[in-house]
Amino acid sequence: MWDASLPGNDKTFTMRAYICAVAGDRPAVEKMMQTVGPNGRLPCQFCTFAGTWVERSNHNYYPHSSCRNMPRDPATWENRDWNIDDLPYRRHLRRDMIDVARANDDKLRTGTGISGFSILHRLPTISWPWSFGLDVMHLICDNLCHLLFNLWDGRLPQAAAGTSHPVSDGEADGRGEDDGATPMATPAATAAPGTRSKPKPKPKRTSKKRAADPWVMPKKVLEELGLDMRNCRRQIPGALGRAPRNIQKNSAGFKATEWSLWMSLFSVPLLEGRLPERYLANWETLCEAYVRSIEFEITMDDLAKIRLLFKRFVRDYESLYYQKDHRRMQVCPSSIHMLLHLADCIEQLGPAWVFWAFPMARMCGMVVPKARSKSELNASLANTVFIGENLKQFEFVRLVSKDFNAFLKPPDSSRAFIIKVPEGWFVSPETELTLSTMPRRLLVQMLETLVGSRVDPQALPKEVKAYKRFQLSQGRDMVGSQASQKRSDRTRASNIILYIQETHGRHEVFFGEVLIFARPCYERQHYPLAYVKCYGPAQLRRGRFYIADSKPTGGLHEWIHVAAIERLVGTMSTKWLSSQKGFGRKPVWIIDRQSFGWNSAARLINSLDLHLDDYA
């Protein structure tokens with residue numbers, strides 16, 4: 001890597017960039033590769049897997065096993081049994097594209113899944129088809145999450161009408177508009193001035209019958225699930241992502257970021273006790289595979305695990321929902337098959353976050369509000385970007401110009417890092433706090449543990465230096481305290497922590513709420529501590545999710561060293577969990593971003609969400 005800041009390196013040089021990977025949703029990749037797309041007979045650019053034509057819905061569907069009750073004789077290419085472990089990969093895609101382009105025959109295009117010869121073949125650095133990775137944002141978050149939630153909500157009933165097939169990547173989701181959305185303009189509203197078109201008669205309202213399949217949750221259960229998800233928003237820290245919404249009411253308007261959080265944080269605790277176990281286990285397999293695929297680093301052992309998880313999900317999914325029934329074939333869009341190639345894309349291109357579409361979507365969200373002139377679009381966009389960057393430099397001008405500094409508001413002193421310790425920074429303001437009897441007695445016990453000898457309570461000052469916030473080192477969370485929390489529905493809890501303590505010679509996980517940070521002084525030495533309201537002993541559920549009693553009997557409190565704090569977590573109370581015995585007075589699910597044991601790129605999505613308003 002060239003470092004131009006080093007002496008002697010300030011020379012002009014030529015930098016060359018080569019396109020090695022192409023990213024986008026499946027319709028975009030279809031156009032770039034000149035393939036038939038997600039609804040064709042051969043929808044896959046990686047193998048020659050073929051679907052089955054369903055006449056009543058005028059659509060292709062893509063199960064990996066033949067149905068047992070097909071009402072007609074199948075063609076040679078459809079209703080076949082496919083070996084998931086040995087798919088027929090395309091071997092000579094470039095040569096096949098040349099043959100199709102020369103033949104210019106529609107039947108050949110349909111039979112090969114290739115529609116033409118892409119101009120990208122001129123780039124020698126493109127590997128066909130492996131440079132075109134599968135985008136998990138559209139494939140999983142925007143597509144499969146919608147599909148499965150529709151199934152659980154009974155929106156895709158058995159033997160439904162042909163227009164009610166699952167959406168593919170890039171297709172519009174016709175489930176209705178979200179609350180507060182702007183309705184589309186009617187033909188009368190878009191007619192030319194001075195003309196009046198006759199309004200079309202409104203269709204008669206028909207009762208929406210929900211499916212009676214075993215995976216469909218009752219409407220009342222779904223309403224409770226949505227309320228539980230909405231009511232936990234105050235207990236979910238902002239560091240975990242955007243606040244959860246009622247999925248039962250707003251699923252049609254969910255963004256890909258929200259579906260990603262639904263998979264990695266909220267879905268399993270909310271579905272526990274509501275969705276039958278075999279369907280929940282299948283969904284949990286997909287969640288784990290998705291979270292593992294977006295880890296920052298993936299070893300070959302991790303890749304083998306990801307491949308196994310996706311194969312397991314596809315097999316179990318078709319066994320549970322498709323059941324080799326021709327009438328249920330609509331639950332098998334081509335997106336299910338594409339999961340089998342995601343591990344191949346990771347092997348060729350790296351973790352799935354390298355080629356997902358979140359950065360492109362965020363960039364569009366930044367650029368669209370800046371383009372305000374229709375006649376001078378480029379100039380408007382350039383001016384807005386230029387002015388915005390100038391405004392960002394004002395903070396630095398403050399440091400070099402006293403005259404300019406006089407016109408600016410002083411820096412916010414409530415978030416200044418004032419005391420540095422090896423574990424992080426204490427954040428201003430600093431106050432003097434007089435401890436009551438119980439916290440003072442517990443502090444003496446904590447200091448005796450740290451010092452290793454008896455502590456004289458009289459030698460301990462009555463006041464301690466107290467702080468509302470503490471910034472953990474190594475780029476980790478900023479942890480708040482009870483004093484920093486505002487009583488508002490918009491406020492997100494930032495003082496619920498996971499910390500580790502050594503008990504009986506081993507390290508154990510505990511949860512609690514930070515009441516205050518302090519630096520008590522004893523024998524001219526300051527100790528960075530936090531006073532914590534303890535939760536009850538945590539119980540592990542489903543092998544990866546913790547349940548704890550947020551109001552244990554006795555109201556336990558303790559002082560802990562800030563080095564014991566690992567990260568922020570959230571809590572969620574569900575109606576099902578409250579009805580269970582053996583979990584305490586007020587049991588809650590612990591919402592932890594590492595529930596699946598991951599260090600993933602989901603934090604990049606959350607960071608973009610938190611700063612997106614800066615560019616709007």
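In terms of UniProt numbering, the numbers along the sequence shown are unbroken and rise by one, the last being 616. Glycine residues also receive a C-beta, built at the ideal position from the N, C-alpha and C atoms.
Between the alpha carbons of R230 and Y546, how many angstroms are there, rounded? On the sequence shown, position 230 is the one that residue 230 refers to. On the sequence shown, position 546 is the one that residue 546 refers to. Spanning the two alpha carbons is a distance of roughly 20 Å.
Among Q348, H507, V588 and D3, which one has its Cα closest to the Cα of T299? Along the sequence shown, read from residue 1 onward, the residue named residue 299 stands at position 299. Ranking Q348, H507, V588 and D3 by Cα distance to T299 puts Q348 first.
Which residue spans inside the region 196–278 form an unbroken alpha helix (DSSP H) run of at least 4? 219–231, 247–250, 256–261 and 267–271
Out of W576, N383 and R593, which has the shortest C-alpha to C-alpha gap to P587? Walking along the sequence shown from the start, residue 587 turns up at place 587. With distances taken between Cα atoms, P587 lies closest to W576.
State the DSSP-derived secondary structure class of L6, mapped to helix, strand or coil. Translated into positions along the sequence shown, residue 6 becomes position 6. Correct three-state label for L6: coil.
Where Y290 and L443 are concerned, what is the direct C-alpha to C-alpha distance, given to the nearest angstrom? Taking the sequence shown and counting its residues from 1, one reaches residue 290 at position 290. Taking the sequence shown and counting its residues from 1, one reaches residue 443 at position 443. The straight-line gap from Cα to Cα measures roughly 44 Å.
Have a look at D403 and N383 and give me their C-alpha separation to the nearest angstrom. Walking along the sequence shown from the start, residue 403 turns up at place 403. Walking along the sequence shown from the start, residue 383 turns up at place 383. Between D403 and N383, the C-alpha separation is close to 27 Å.
Please work out which residues of its chain come closer than 7 Å, Cβ to Cβ, to S115, disregarding the five sequence neighbours upstream and downstream, and give them in chain order. Counted from its first residue, the sequence shown places residue 115 at position 115. Counting only Cβ-Cβ distances below 7 Å, and skipping sequence neighbours, we find Q34, T35, V36 and R109.
Just to confirm, are T553 and P269 a CB contact at a threshold of 8 Å? Numbered from its first residue, the sequence shown carries residue 553 at position 553. Numbered from its first residue, the sequence shown carries residue 269 at position 269. No, the Cβ-Cβ distance between T553 and P269 is not below 8 Å.
Please indicate yes or no: does the CB of G452 lie closer than 7 Å to some heavy atom of the ligand ADP? This structure simply doesn't include the ligand ADP, nor any ligand for that matter.
N- and C-terminal bounds of the alpha helix (DSSP H) containing T125: In the sequence shown, the residue the question calls residue 125 occupies position 125. From DSSP, T125 is part of no alpha helix (DSSP H); its letter is neither H nor E.
To the nearest whole angstrom, what separates the beta carbons of H337 and C141, a pair I think is in contact under 8 Å? Here residue 337 refers to the residue found at position 337 when the sequence shown is read from its first residue. Here residue 141 refers to the residue found at position 141 when the sequence shown is read from its first residue. 18 Å between Cβ atoms; not a contact.
Whose C-beta lies closer than 6 Å to the C-beta of I247 among residues of the same chain, with five residues either side of it excluded? As a first step, residue 247 must be located in the sequence shown, where it is residue number 247. Closer than 6 Å at Cβ, skipping near neighbours: G226 and M229.
L108 - DSSP class collapsed to helix/strand/coil: Taking the first residue of the sequence shown as 1, we reach residue 108 at position 108. L108: helix per DSSP, three-state reduction.
Rounded separation between N69 and A352 - CA only: The residue labelled residue 69 in the question sits at position 69 within the sequence shown. The residue labelled residue 352 in the question sits at position 352 within the sequence shown. Roughly 38 Å between the two C-alpha positions.
Determine the extent of the alpha helix (DSSP H) in which S428 is found, giving its start and end residues. Locating residue 428 in the sequence shown gives position 428, counting from the first residue. Where S428 is concerned, there is no enclosing alpha helix (DSSP H), although the beta strand (DSSP E) it sits in stretches over G424 to T434.
Counting only the same chain and skipping the five closest in sequence on each side, list residues whose C-beta sits under 7 Å from that of E463. Walking along the sequence shown from the start, residue 463 turns up at place 463. Same-chain partners within the cutoff: E432, L433 and T434.
Could you give the first and the last residue of the continuous alpha helix (DSSP H) run that contains K470? As a first step, residue 470 must be located in the sequence shown, where it is residue number 470. The sequence as given places Phe at residue 470; Lys does not occur at that position. That residue, F470, is in no alpha helix (DSSP H); its beta strand (DSSP E) goes E463 to L472.
With a CB to CB cut of under 8 Å and the five nearest residues on each side skipped, what residues in its chain are close to H557? The residue you call residue 557 lines up with position 557 of the sequence shown. Same-chain partners within the cutoff: M438, P439, L442, L515, Y531, V532, K533 and C534.
Beta-carbon contacts of L320 that lie in its chain and below 8 Å, excluding the five residues immediately before and after: Counted from its first residue, the sequence shown places residue 320 at position 320. Excluding sequence neighbours, L320 sits near W215, R278, Y279 and N282.
CA-CA distance, E223 and A212? Residue mapping note: residue 223 aligns to position 223 of the sequence shown, counting from 1. Residue mapping note: residue 212 aligns to position 212 of the sequence shown, counting from 1. About 18 Å.
Stretch-stretch touch, CB-based, cutoff 8 Å, three pairs: the region 565–572 with the region 487–506: yes
Among G582, Q594 and V509, which has the Cα closest to the Cα of I560? If you number the sequence shown from 1, residue 560 lands on position 560. Of G582, Q594 and V509, the residue nearest in Cα terms is V509.
Does the count of Cβ pairs from the region 257–276 and the region 135–151 closer than 8 Å reach three? yes
Would you identify the three-state DSSP class for A23, choosing helix, strand or coil? Within the sequence shown, residue 23 is the residue found at index 23, counting from 1. The answer is coil: DSSP assigns A23 none of H, G, I, E or B.
Taking three-plus beta-carbon pairs below 8 Å as touching, is the region 500–507 in contact with the region 477–488? no
If you reduce the DSSP assignment to three classes, tell me which class residue 618 lands in. Residue numbering for the chain in the displayed model covers 1 to 616; residue 618 lies beyond these limits and cannot be assessed.
Are at least three pairs of beta-carbons, each pair with one atom in the region 123–136 and one in the region 21–28, less than 8 Å apart? yes
Length of the line joining the Cα atoms of L148 and W425: The residue labelled residue 148 in the question sits at position 148 within the sequence shown. The residue labelled residue 425 in the question sits at position 425 within the sequence shown. Cα to Cα, L148 sits roughly 44 Å from W425.
Own chain, CB closer than 7 Å to D549, minus 5 neighbours either side, in chain order: Start at 1 with the first residue of the sequence shown, and residue 549 comes out as number 549. Contacts found: Y535, G536, F583, G584, R585, K586 and P587.
Determine whether the beta carbon atoms of H64 and W82 lie at a separation below 8 Å. In the sequence shown, residue 64 corresponds to position 64, counting from 1. In the sequence shown, residue 82 corresponds to position 82, counting from 1. In this structure, W82 lies closer than 8 Å to H64 by Cβ.
Out of L303, I418 and G154, which has the shortest C-alpha to C-alpha gap to K465? Within the sequence shown, the letter at position 465 stands for residue 465. Residue I418 is the option with its Cα nearest to K465.
Can you check whether the CB of I236 is closer than 8 Å to the CB of R16? Here residue 16 refers to the residue found at position 16 of the sequence shown. Here residue 236 refers to the residue found at position 236 of the sequence shown. Result no, Cβ atoms of R16 and I236 do not sit closer than 8 Å.
Enclosing beta strand (DSSP E) for K575 [first to last residue]: The residue labelled residue 575 in the question sits at position 575 within the sequence shown. Note, K575: premise wrong, no beta strand (DSSP E); alpha helix (DSSP H) at K575 to S578.
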